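Student:
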Amino acid sequence: MYLKLDVIQPRTEEWIKRSSKVGKWSPNAVISQEGEIVDARLKSGLLPTPLTRDLSWGVPVPIEGEDEHGMRGKVLCTFQNKYSFPCC
């Protein structure tokens, strides 16, 4: 199971641009003073990030009824650090 960051990237960039103006953000590693997105991850394109793993430990993916998506035996990745790299 993946979080489709690539799909929500346009809305994320719009939010950053709008919020930086409304909140009067100082220029930072995400947006420049001119309102240009400068974050390397956004500029290169966000990638889907996995939310599940094939591990023997962790929180099992709850499955009700038929396992249509092949989630049986997978666990949820319950921690992601600030760089969106799953820890597990």
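The numbering used here puts the first residue of the sequence shown at 366, with every later residue one more than the last. Glycine included, every Cβ here is placed at the ideal spot set by N, Cα and C. Only a predicted model underlies this, so the values are computations on that prediction, with no experimental measurement involved.
(1) For GLY400, which residues of its own chain have a beta-carbon under 8 Å away from its beta-carbon, when the five flanking residues on both sides are left out?
(2) Any idea which residues DSSP pairs ARG418 with across the strands?
(3) So what does DSSP say about ILE428, is it helix, strand or coil?
(4) Starting from the C-beta of PRO425, find all residues in its chain whose C-beta is less than 7 Å away, skip the five residues before and the five after it, and write them out in chain order.
(5) So the alpha helix (DSSP H) VAL387 belongs to, where does it begin and stop?
(6) Please identify the residue among VAL403, ASP432, GLY438 and PRO413 whose C-alpha is closest to the C-alpha of ASP419.
(7) Nearest-angstrom Cα distance between LEU407 and HIS434?
Tutor: The answer reads as follows:
(1) Numbered from 1 along the sequence shown, position 35 holds the residue referred to as residue 400. Correct list, in chain order: LYS382, SER385 and LYS386.
(2) Residue 418 sits at position 53 when you count from the first residue of the sequence shown. Bridge partners of ARG418: VAL440.
(3) By one-based count along the sequence shown, residue 428 stands at place 63. Three-state result, ILE428: coil.
(4) Residue 425 sits at position 60 when you count from the first residue of the sequence shown. So the qualifying residues of the chain are VAL440.
(5) Counted from its first residue, the sequence shown places residue 387 at position 22. The continuous alpha helix (DSSP H) containing VAL387 extends over residues 370–387.
(6) The sequence position of residue 419 within the sequence shown is 54, counting from 1. For the residues VAL403, ASP432, GLY438 and PRO413, the minimum Cα distance to ASP419 belongs to GLY438.
(7) As a first step, residue 407 is located in the sequence shown; it is residue number 42 there, counting from the start. As a first step, residue 434 is located in the sequence shown; it is residue number 69 there, counting from the start. So the two alpha carbons sit approximately 29 Å from each other.
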